[in-house]
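Take the sequence shown: its letters are residues 1 to 800, numbered as in full-length UniProt numbering.
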Amino acid sequence: MILNTELEYKGNLFPSKIVKYEKNLNVLSFTSENGVILEVTIRRDSVLRFRYTTTGIFENDFSYAITKYASRGYNHLEVTENEKQYIITTAKLICHVSKLDLRTSIFDAKDKSLLCEDELGFHWEESYEHGGDVVKMSKIAQPGESYYGLGDKPVDNNLKGKRFENWVTDSYAYGRGTDPIYKAIPFYTGLHSKRSYGIFFDNTFRSFFDFCSERRNITSFWAHGGEMNYYFIYGPEMSEVVANYTDLTGKPHEMPALWTLGYHQCKWSYYPESNVKEITKKFRDLKIPCDAIYLDIDYMEGFRCFTWNKQYFPDPKRMVKELADDGFKTIVIIDPGIKIDMDYSIFKEGLEKNYFCKRADGPYMKGKVWPGECYFPDFTNPEVRDWWSNLFQELVEEIGVKGVWNDMNEPAVMDVPGKSFPDDVRHNYDGNFSSHRKAHNIYGMQMARATYQGLKKFSYPKRPFVITRAAYSGTQRYTSSWTGDNIATWDHLTIANIQAQRMCMSGFSFIGSDIGGFAEQPNGELYARWIQLGIFHPFCRTHSSGDHGDQEPWAFGENITNVVRKFIELRYQLLPYLYTAFWRYVGEGVPILKSLVLFDQADLHTHYRNDEFIFGEKILACPITGPNQKGRRMYFPIGKWYNFWDKTVVEGGQESWVDADLDSMPIFIKEGAIIPKYPIQQYVGEKEITEVSLDVYYKNGKEDSELYEDANDGYDYTKGRYSLLKFNLVGSENKLIIRIHKTGKYITPYEMFNINLFGLPFEVDSIKVDNEEVDLKDLSFNNNSLVVTKEFTNLQIMGK
Ligand code: GLC
1 MILNTELEYK GNLFPSKIVK YEKNLNVLSF TSENGVILEV TIRRDSVLRF RYTTTGIFEN
61 DFSYAITKYA SRGYNHLEVT ENEKQYIITT AKLICHVSKL DLRTSIFDAK DKSLLCEDEL
121 GFHWEESYEH GGDVVKMSKI AQPGESYYGL GDKPVDNNLK GKRFENWVTD SYAYGRGTDP
181 IYKAIPFYTG LHSKRSYGIF FDNTFRSFFD FCSERRNITS FWAHGGEMNY YFIYGPEMSE
241 VVANYTDLTG KPHEMPALWT LGYHQCKWSY YPESNVKEIT KKFRDLKIPC DAIYLDIDYM
301 EGFRCFTWNK QYFPDPKRMV KELADDGFKT IVIIDPGIKI DMDYSIFKEG LEKNYFCKRA
361 DGPYMKGKVW PGECYFPDFT NPEVRDWWSN LFQELVEEIG VKGVWNDMNE PAVMDVPGKS
421 FPDDVRHNYD GNFSSHRKAH NIYGMQMARA TYQGLKKFSY PKRPFVITRA AYSGTQRYTS
481 SWTGDNIATW DHLTIANIQA QRMCMSGFSF IGSDIGGFAE QPNGELYARW IQLGIFHPFC
541 RTHSSGDHGD QEPWAFGENI TNVVRKFIEL RYQLLPYLYT AFWRYVGEGV PILKSLVLFD
601 QADLHTHYRN DEFIFGEKIL ACPITGPNQK GRRMYFPIGK WYNFWDKTVV EGGQESWVDA
661 DLDSMPIFIK EGAIIPKYPI QQYVGEKEIT EVSLDVYYKN GKEDSELYED ANDGYDYTKG
721 RYSLLKFNLV GSENKLIIRI HKTGKYITPY EMFNINLFGL PFEVDSIKVD NEEVDLKDLS
781 FNNNSLVVTK EFTNLQIMGK
């Protein structure tokens with residue numbers, strides 16, 4: 001394996017001096033004497049693309065990651081030169097390209113401060129055997145620089161000092177530091193001098209990132225083939241970097257249906273039908289909210305995708321309907337391996353149509369997965385994706401399945417070296433024919449995409465729901481995801497927390513972990529603590545391998561059941577708040593979970609924090625990560641925070657102890673926030689929402705909050721039928737004013753808001769609604785709570 005990035009390495013080749021410069025609109029190309037071309041594309045004022053060829057000819061410009069919807073256009077572009085370099089200036093960035101060797105340095109256009117600079121810059125090794133180059137880039141780490149991102153890496157938030165590999169891998173029972181695991185997201189953000197930028201290395205070959213591990217002050221990345229092709233994305237705020245990266249690789253194509261944000265129950269496996277019913281009934285009997293129930297591989301006939309085991313599930317359509325009548329959406333697993341069986345119609349069809357992957361010399365790619373020996377559809381072929389998408393008609397349209405869970409799509413192959421396809425397997429790669437070396441990291445993504453196409457087609461006019469295990473950059477456009485086969489240990493709870501934050505920082509917010517752990521069995525305490533964390537993850541599902549015992553909310557005795565119920569209920573109350581965070585994510589690429597460093601990068605204390613995170617915009621949460629704890633120390637970001645439970649106020653910018661017995665966890669609300677809440681429901685849509693609470697946390701100063709709502713499913717919201725309320729809170733010593741500005745055409749079903757005022761420093765004397773004083777009795781004013789029409793635009797609470 002070629003890992004060396006050192007200058008001394010004798011195989012390294014370098015560009016020589018520039019002999020030609022050309023500008024074609026926003027594409028600048030610099031040709032060196034030895035035939036290297038650097039093409040710099042100005043995508044936006046803050047987004048530059050750098051692409052190098054060593055042969056004088058670029059490959060066909062094709063990417064699965066970059067979306068056609070990405071924003072383009074810039075306000076300013078100027079190219080000048082001096083003796084030593086070309087100088088590219090946009091409204092946000094200045095980039096120097098050295099005439100000597102194509103090395104680049106990038107500066108903030110405003111104050112000219114250095115953001116990122118090449119060390120060796122672009123260099124490469126020829127790779128005769130594979131017919132390409134190992135392409136490399138090295139940069140100088142700036143003083144105090146930290147690094148974040150890279151998808152699902154199970155290590156501390158800050159990546160500095162470590163080396164990583166991107167090669168999508170089935171990783172049963174992975175642990176802290178296992179690398180690589182299920183996802184390949186070659187995007188990181190660098191942070192120094194209070195400024196953040198991102199680098200997205202859009203290369204699907206096996207790639208590596210080294211953050212000052214091999215050499216103390218050098219950050220490098222390289223890939224075993226393809227082009228050196230990366231995007232530089234400037235902030236200076238990390239949240240802007242992530243939003244811009246998400247804009248480039250795509251936001252989810254639609255809002256998730258609200259029910260998908262409810263609680264999901266899964267196990268390998270619930271069968272037969274009577275067992276499924278027993279589980280769902282228990283949820284309703286015990287009044288633990290739940291929206292989705294999963295069928296793992298045993299629902300199929302001999303693990304053949306798109307079939308049913310008729311002994312276990314004699315009438316799936318009836319069962320799915322009965323579950324639906326009780327508020328449960330049925331979600332089924334679909335894997336890529338298609339059993340070799342001439343009596344199995346899907347296999348036969350795939351074979352006849354030539355849709356399965358083949359080895360370089362002609363035979364089919366044969367590999368063992370759950371059904372035994374299988375062939376695998378080439379999802380990189382658009383025709384195959386189309387075919388695959390149509391296979392969902394019966395499941396979705398006929399039977400009524402509401403979501404599909406794609407697993408083993410790394411692709412995982414059992415009992416072989418590398419646990420996947422060998423390198424020589426051929427792929428269509430959307431007409432850019434390739435070997436598996438290039439297609440491996442996007443195989444799972446293309447499967448999830450094809451599944452998404454099917455779900456979208458057959459669920460319409462409802463919104464599709466897909467879950468995938470494997471992913472490459474851009475997969476967030478189609479699907480949600482989970483962190484794979486973790487273990488029921490305390491350390492894994494910590495890892496799950498960081499992985500979810502990291503995925504959000506990597507543009508992929510619809511993420512969760514197997515709550516309680518997949519392998520082995522948690523005790524009640526661990527399960528309860530994990531549920532507490534899980535209700536703050538965008539995707540909230542308990543899943544377990546099942547062979548170690550039960551893992552339902554009631555499996556650990558009444559005490560634990562009560563804790564679990566309490567937290568799942570909180571999740572359901574916070575649904576409008578979470579939905580609003582999703583709306584920001586889907587609309588603007590704003591990550592749903594914010595690591596503290598992303599929340600406040602200027603505060604150096606945040607740069608190495610792992611456990612605390614911001615959920616949405618206003619809620620600070622921090623899980624308890626060990627046994628027998630009655631609380632913990634945690635860091636509070638600068639500002640004032642209300643304890644969610646007792647409303648006491650903590651001054652941020654420091655670590656403090658927080659009490660948290662097993663039925664509690666550290667949850668804090670940013671002062672000035674207005675948090676919307678729905679009544680508890682057993683599932684989304686159980687009740688018509690007739691009342692919405694607004695919890696108002698007083699602040700001496702200003703704070704904005706918002707509430708997004710729509711029909712909770714369907715596409716009317718894209719035609720303006722949504723309701724967006726922007727709250728503007730202004731508090732002073734003896735007054736609190738809330739203004740609401742409404743946009744959108746959706747009429748919410750409720751009439752009134754229940755407003756709960758917390759932390760008022762004064763006793764309420766009078767209240768004006770839209771500038772008219774209203775008798776406190778008419779507002780049912782009691783204990784700082786009041787009921788007011790949702791149509792108000794201005795509420796003034798006056799002190800004595
Ligand atoms: C894989 C999945 C797991 C699933 C199992 C059986 O291990 O990661 O979630 O339950 O396969 O399908």
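All residues carry an ideal CB built from backbone N, CA and C; glycine is no exception. Quick caveat, the model's predicted, so the values are computed rather than measured.
*If we ignore side chains and look at the alpha-carbon of each, how far apart do residue 44 and residue 437 end up?*
One-based indexing of the sequence shown puts residue 44 at position 44. One-based indexing of the sequence shown puts residue 437 at position 437. Between residue 44 and residue 437, the alpha-carbon positions lie close to 31 angstroms from each other.
*Is the CB-CB distance between residue 376 and residue 357 below 7 angstroms?*
In the sequence shown, the residue the question calls residue 376 occupies position 376. In the sequence shown, the residue the question calls residue 357 occupies position 357. Against a cut-off of 7 angstroms, the Cβ pair of residue 357 and residue 376 comes out as a contact.
*Please confirm whether residue 71 and residue 138 have their CB atoms less than 7 angstroms apart.*
Your numbering for residue 71 matches position 71 in the sequence shown. Your numbering for residue 138 matches position 138 in the sequence shown. No, the Cβ-Cβ distance between residue 71 and residue 138 is not below 7 angstroms.
*According to DSSP, which residues form a beta bridge with residue 132?*
Translated into positions along the sequence shown, residue 132 becomes position 132. Answer is 127, bridged to residue 132.
*asked:* Within a Cβ cutoff of 6 angstroms, which residues of the same chain sit near residue 450, ignoring the five residues on either side of it in sequence?
replied: Numbered from its first residue, the sequence shown carries residue 450 at position 450. Same-chain partners within the cutoff: 379, 385, 388 and 389.
*Nearest to residue 86 by CA position, among 239, 20 and 629, is which residue?*
Here residue 86 corresponds to residue number 86 of the sequence shown, with the count starting at 1. Per the Cα distances, 20.
*So, residue 795 versus residue 575, is the Cβ gap smaller than 7 angstroms?*
Looking up residue 795 in the sequence shown gives position 795. Looking up residue 575 in the sequence shown gives position 575. Not a contact, by the Cβ cut-off of 7 angstroms.
_Proximity to residue 328 [Cα-Cα], best of 681, 764, 730 and 724_ = In the sequence shown, the residue the question calls residue 328 occupies position 328. The shortest Cα separation from residue 328 among 681, 764, 730 and 724 belongs to 681.
*Helix, strand or coil for residue 792 per DSSP?*
Taking the first residue of the sequence shown as position 1, residue 792 is located at position 792. DSSP, read as helix, strand or coil, puts residue 792 in coil.
*asked:* On the criterion of 16 or more Cβ atoms from any shown chain inside 10 Å, does residue 763 qualify as buried, or is it exposed?
replied: Counting from one through the sequence shown, the residue named residue 763 turns up at place 763. Residue 763 counts as exposed, since fewer than 16 other C-beta atoms from the protein chains shown sit within 10 angstroms of its C-beta.
*Name the DSSP bridge partner or partners of residue 472?*
For the purposes of this step, residue 472 is taken as residue 472 along the sequence shown, with counting starting at 1. The bridge partners DSSP lists for residue 472 are 184.
*asked:* Between the alpha carbons of residue 16 and residue 530, how many angstroms are there, rounded?
replied: Start at 1 with the first residue of the sequence shown, and residue 16 comes out as number 16. Start at 1 with the first residue of the sequence shown, and residue 530 comes out as number 530. Taking the straight line joining both Cα atoms gives about 55 angstroms.
*asked:* For residue 109 and residue 170, what's the separation of their Cα atoms in angstroms?
replied: The residue given as residue 109 occupies position 109 in the sequence shown. The residue given as residue 170 occupies position 170 in the sequence shown. If you take the alpha carbons of residue 109 and residue 170, they lie about 44 angstroms apart.
*Excluding the five sequence neighbours on either side, which residues of its own chain have a C-beta within less than 7 angstroms of the C-beta of residue 344, listed in chain order?*
Taking the sequence shown and counting its residues from 1, one reaches residue 344 at position 344. Shown here for residue 344: same chain residues with a beta carbon closer than 7 angstroms to its own, the five before and five after excluded, namely 304 in chain order.
_Using only CA atoms, which one of 447, 286 and 61 lies nearest to residue 355?_
The sequence position of residue 355 within the sequence shown is 355, counting from 1. It is 447 whose Cα lies nearest to the Cα of residue 355.
*For the ligand GLC, is there a heavy atom less than 6 angstroms away from the beta-carbon of residue 530?*
What you label residue 530 is simply residue 530 of the sequence shown in a count that begins at 1. Answer for residue 530: no, Cβ out of range of the ligand GLC.
_Helix, strand or coil at residue 401 [DSSP, three-state]_ = Here residue 401 refers to the residue found at position 401 of the sequence shown. When DSSP states are grouped into helix, strand and coil, residue 401 belongs to the coil group.
*Under a Cβ-count criterion, where at least 16 other Cβ atoms within 10 Å of its own Cβ denotes burial, should residue 1 be classed as buried or exposed?*
One-based indexing of the sequence shown puts residue 1 at position 1. Any reading at residue 1 must be qualified, since the residue scores a pLDDT of 40, below 50, and its modelled position is unreliable; no value is offered.
*Residues near the ligand GLC, criterion Cβ-heavy atom distance below 5 angstroms*: Working through the chain, the matches are 268, 296, 297, 407 and 485.
*Buried or exposed by the 16-neighbour rule on C-beta atoms within 10 Å, applied to residue 657*: For the purposes of this step, residue 657 is taken as the residue at position 657 of the sequence shown. Per the 10 Å Cβ criterion, exposed.
*asked:* On the DSSP bridge list, what partners appear for residue 346?
replied: As a working mapping, residue 346 is identified with position 346 in the sequence shown. Within the DSSP secondary-structure output, residue 346 pairs in no beta bridge.
*asked:* To the nearest angstrom, how far is the alpha carbon of residue 614 from that of residue 81?
replied: On the sequence shown, residue 614 is found 614 positions in, with the first residue counted as 1. On the sequence shown, residue 81 is found 81 positions in, with the first residue counted as 1. Those two C-alpha atoms are separated by around 45 angstroms.
*Residue range of the alpha helix (DSSP H) that includes residue 110*: For the purposes of this step, residue 110 is taken as residue 110 along the sequence shown, with counting starting at 1. Boundaries cannot be given for residue 110, as no alpha helix (DSSP H) includes it and DSSP labels it neither H nor E.
*Alpha-carbon spacing of residue 792 relative to residue 770, whole angstroms*: Along the sequence shown, one-based indexing puts residue 792 at 792. Along the sequence shown, one-based indexing puts residue 770 at 770. Roughly 6 angstroms separates the two Cα atoms.
*Candidates 117, 276, 549 and 233, of which the one nearest residue 217 by Cα*: Taking the sequence shown and counting its residues from 1, one reaches residue 217 at position 217. Looking only at 117, 276, 549 and 233, the smallest Cα-Cα distance to residue 217 is reached by 117.
*Counting only the same chain and skipping the five closest in sequence on each side, list residues whose C-beta sits under 6 angstroms from that of residue 13.*
Translated into the one-based positions of the sequence shown, residue 13 becomes position 13. The beta carbon of residue 13 lies closer than 6 angstroms to those of 124 in the same chain, with the five residues before and after it left out.
_For residue 346 and residue 302, the rounded distance between their alpha carbons_ = As a first step, residue 302 is located in the sequence shown; it is residue number 302 there, counting from the start. As a first step, residue 346 is located in the sequence shown; it is residue number 346 there, counting from the start. In a straight line, the C-alpha of residue 302 is about 14 angstroms away from that of residue 346.
*Can you pull the DSSP bridge partners for residue 201?*
Taking the sequence shown and counting its residues from 1, one reaches residue 201 at position 201. Paired residue(s): 230.
_residue 668 burial status per 10 Å Cβ neighbour count (16 or more: buried)_ = Locating residue 668 in the sequence shown gives position 668, where the first residue counts as 1. Under a 10 Å Cβ-count criterion, residue 668 is classified as buried, with 16 or more other Cβ atoms of the shown protein chains found around its own Cβ.
_Distance between residue 698 and residue 736 (C-alpha atoms, nearest Å)_ = Here residue 736 refers to the residue found at position 736 when the sequence shown is read from its first residue. Here residue 698 refers to the residue found at position 698 when the sequence shown is read from its first residue. Straight-line Cα distance between these residues: approximately 8 angstroms.
*Roughly how many angstroms lie between the CA atoms of residue 435 and residue 424, to the nearest whole one?*
Reading the sequence shown from its first residue, position 435 is the one you call residue 435. Reading the sequence shown from its first residue, position 424 is the one you call residue 424. About 6 angstroms.
*Distance CB(residue 586)-CB(residue 252) smaller than 7 angstroms*: Counting from 1 along the sequence shown, the entry for residue 586 is found at position 586. Counting from 1 along the sequence shown, the entry for residue 252 is found at position 252. The answer is yes: Cβ separation under 7 angstroms.
_Using only the alpha-carbon positions, how far apart do residue 7 and residue 210 sit?_
As a position in the sequence shown, residue 7 is number 7, starting the count at 1. As a position in the sequence shown, residue 210 is number 210, starting the count at 1. Because residue 7 sits at a pLDDT of 48, beneath the cut-off of 50, its placement in the model cannot be relied upon, and the point is left open.
*For residue 605, which residues from the same chain have a beta carbon less than 7 angstroms from its beta carbon, with the 5 sequence-adjacent residues on both sides left out?*
Mapped onto the sequence shown, residue 605 falls at position 605. The beta carbon of residue 605 sits closer than 7 angstroms to the beta carbons of 635 from its chain, once the five residues preceding and following it are set aside; these are given in chain order.
*asked:* For residue 506, which residues in the same chain have their Cβ closer than 7 angstroms to its Cβ, ignoring the five residues on either side in sequence?
replied: As a working note, residue 506 is residue 506 in the sequence shown. Short of 7 angstroms from the beta carbon of residue 506, and not among the five residues preceding or following it, lie these beta carbons of its own chain, in chain order: 149, 150, 151, 185 and 187.
*Hey, residue 519 and residue 487: beta-carbon distance below 7 angstroms or not?*
Stepping through the sequence shown from its first residue, residue 519 is reached at position 519. Stepping through the sequence shown from its first residue, residue 487 is reached at position 487. Closer than 7 angstroms, so yes.
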